[in-house]
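Participant:
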Amino acid sequence: MQTLSAAPARTRTQPHPTAGIEEATTKSTNPAAAPRWRDKPLRLQRGPLPAGARGARLHVDVQLRSNGRAALARAVRRGLLLPQKMLPPKYFYDDYGSQLFDAICDLPEYYLTRTEHALLEAVADEVVALAAPRDLVELGSGASRKTRLLLDALQRAGGRPRYVPIDVSEGMLRRSAQILLGDYPRLQIHAVVGDYERHLHCVRGGRRRLVVFLGSSIGNFTPDEADRFLRRVAEQLNPGDHFLLGVDLVKDHAVLHAAYNDAAGVTAEFNRNILQVINRALAASFDTGAFDHVAFYNAEAAQIEMHLRARAAHAVHIGALDMRVAFAAGETIHTEISRKFTRDDTVAMLQRAGFEPVRWFEPASHYFGLALGTRQ
Ligand code: AVJ
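Quick note: the sequence shown uses numbering that gives the first Met the number 0, first residue 0, plus one each step.
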């Protein structure tokens, strides 16, 4: 394995010399009428940035805002009326939730991020050589930490890449973009504040691209959802475009269990934060202290399941939905699945979506895999 960058890691709170760098922003004028993914592609077509953004190295395209609240409201109503109450894991990621997830990535028990990082560091040059992208698109970019490995490899290959991160957390996106612009003087960023399930059309266009979906985020989808999602990703790509998928692999159950039950309680805080998201967005009265964090490995389904378990019988009012939700003592809200894969699962999943497998990478530990595919 080569060591790629000797630059010291910058802490997130440190002010950066490029803070306030030139920037252009567009917002969808009528969020309620935001186009669905099947509609005409919007902004990323054929090279040049949209008018008004020329000269600026950062363009922030805000696809999400009021629109997101309606979707949350629907999901909460539907999910809390089910016999097994459920909430979609994407609602963990408000600004605080995104920061908590970032903290999870540093936990000693949470091997995923560090394993994937080391693997990507070892294979980034090969991935870039195979994909030769002009645009690097990242679905759910978070703090863009692993992105640097690909940007470094692109730079070494002499490219002048454009980075297109899509993330629901505008704050996280902006902070990461500012830091990246400072560290990569030739980089252009077209950041999309959006939900990659709804704003995938922003990925469409004519330039040769590498789309990356890292961190085993695909594990949050059920098998059917994953198939549908990957098919849609494939549909946005042109023949010759590449897709890099990070997957957490099936392994020793104790290792899996520990990764979702950390000693410091960060995962528990992350899990409970979804209730705060709902409290704020929908004027709900969840008492986060009334729920325990529960996470266990379901070997049959090859997935970690995360729940919030009511300590005692009680009721919660959700103002914006005019809804009262009763909890029995011990009743749970199922907040997340985190599926674990094998190499064969992953390759088959990519093939079903219309990708041709190009390379499979995994470390000696077999803890994590990266699959590179190309659009057929
Ligand atoms: C970001 C979905 C990959 O499933 O491991 C971390 C989220 N949940 N700890 C995962 C998560 C609890 C994470 N993913």
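Every residue, glycine too, gets a C-beta built ideally from N, C-alpha and C.
Please state whether DSSP places E330 in a helix, a strand or coil.
Facilitator: coil
Participant: A301 and V249 look like a contact to me (Cβ under 8 angstroms); what is the Cβ gap, rounded to whole Å?
Facilitator: 6 angstroms
Participant: Please state whether DSSP places P88 in a helix, a strand or coil.
Facilitator: helix
Participant: For D240 and M322, what's the separation of their Cα atoms in angstroms?
Facilitator: 46 angstroms
Participant: Counting Cβ pairs, one atom from each stretch, are 3 or more of them under 8 angstroms apart for the stretch 181–189 and the stretch 216–226?
Facilitator: no
Participant: At a cut-off of 7 angstroms, is Y259 close to ligand 1 when judged by its beta-carbon and the heavy atoms of the ligand?
Facilitator: yes
Participant: Report the residue ranges of all beta strand (DSSP E) runs contained in full by the stretch 303–367; include only those spanning at least 3 residues, in chain order.
Facilitator: Listed in chain order, the complete beta strand (DSSP E) runs (minimum 3 residues) inside the stretch 303–367 are 313–317, 322–326, 331–338 and 354–360.
Participant: Work out the CA separation of H313 and A378 for me, nearest whole Å.
Facilitator: Nothing in the structure corresponds to residue 378, since the chain is present only between 0 and 375.
Participant: So what does DSSP say about H116, is it helix, strand or coil?
Facilitator: In the displayed model, H116 falls within a helix according to three-state DSSP.
Participant: With distances taken between CB atoms, is the gap from V126 to L243 smaller than 8 angstroms?
Facilitator: yes
Participant: Assign R174 to buried or exposed, taking buried as 16 or more other Cβ atoms, counted over all protein chains shown, within 10 Å of its Cβ.
Facilitator: buried
Participant: Determine the extent of the beta strand (DSSP E) in which V191 is found, giving its start and end residues.
Facilitator: Q187 to V192
Participant: Does ligand 1 have even one heavy atom less than 7 angstroms from the beta-carbon of R269?
Facilitator: First, the amino acid is wrong: residue 269 is Phe here, not Arg. Yes, the Cβ of F269 comes within 7 angstroms of a heavy atom of ligand 1.
Participant: With a threshold of 7 angstroms (Cβ to nearest heavy atom), would M305 be considered close to ligand 1?
Facilitator: It does: the Cβ of M305 is within 7 angstroms (strictly closer) of some heavy atom of ligand 1.
Participant: Nearer than 7 angstroms: is that true of the beta carbon of I103 relative to any heavy atom of ligand 1?
Facilitator: yes
Participant: Tell me whether F212 counts as near ligand 1, meaning its Cβ is closer than 7 angstroms to at least one heavy atom of that ligand.
Facilitator: Flag unset: Cβ of F212 not near ligand 1.
Participant: For the stretch 173–259, which segments carrying the alpha helix (DSSP H) assignment without a break, of at least 4 residues, lie completely within its bounds, in sequence order?
Facilitator: 222–235 and 252–258
Participant: With a CB to CB cut of under 6 angstroms and the five nearest residues on each side skipped, what residues in its chain are close to G78?
Facilitator: Correct list, in chain order: M85 and L86.
Participant: Given H292, which residues of its chain have a CB within under 6 angstroms of its CB, disregarding the five upstream and five downstream residues?
Facilitator: A267 and N270
Participant: Would you kindly report the start and end of the unbroken beta strand (DSSP E) that includes R161?
Facilitator: R161 to D166
Participant: Here's the rule: buried if 16 or more other CB atoms are within 10 angstroms of the residue's CB, otherwise exposed. What is L43?
Facilitator: Interpretation of L43 is limited by its pLDDT of 33, a score under 50 that renders its predicted location unreliable; no figure is taken from the coordinates.
Participant: Hey, could you find the ends of the alpha helix (DSSP H) E268 is sitting in?
Facilitator: V265 to L281
Participant: What did DSSP end up calling R133 once you bin it into helix, strand or coil?
Facilitator: coil
Participant: To which residues does DSSP link R374 through a beta bridge?
Facilitator: F354
Participant: Where do the N-terminal and C-terminal ends of the beta strand (DSSP E) with Y296 fall, by residue?
Facilitator: F290 to N297
Participant: Short check: CB of I317 to CB of V122, under 8 angstroms?
Facilitator: no
Participant: Is the separation between the beta-carbon of L118 and that of F360 shorter than 8 angstroms?
Facilitator: yes
Participant: Taking the alpha carbon of R68 as the reference point, which residue from G193, P184 and E137 has its own alpha carbon closest?
Facilitator: G193
Participant: For A352, which residues of its own chain have a beta-carbon under 6 angstroms away from its beta-carbon, when the five flanking residues on both sides are left out?
Facilitator: L229, R230 and A233
Participant: Can you find a heavy atom of ligand 1 that lies under 7 angstroms from the Cβ of L111?
Facilitator: yes
Participant: Based on DSSP bridge pairs, tell me the residues matched to L369.
Facilitator: G245 and F360
Participant: Can you look up L138 in the DSSP assignment and give me helix, strand or coil?
Facilitator: In the structure shown, the three-state DSSP call for L138 is strand.
Participant: Reducing DSSP to helix, strand and coil, say where R144 ends up.
Facilitator: If DSSP states are grouped into helix, strand and coil, R144 belongs with coil.
Participant: Indicate, with yes or no, if ligand 1 has a heavy atom lying under 7 angstroms from the CB of N219.
Facilitator: For ligand 1, at least one heavy atom lies less than 7 angstroms from the Cβ of N219.
Participant: Going by DSSP in three states, P30 sits in which element: helix, strand or coil?
Facilitator: The pLDDT assigned to P30 is 35, lower than 50, so where the model puts this residue is not dependable; a value taken from the coordinates is nonetheless given after this. Note: P30 maps to helix in three-state DSSP.
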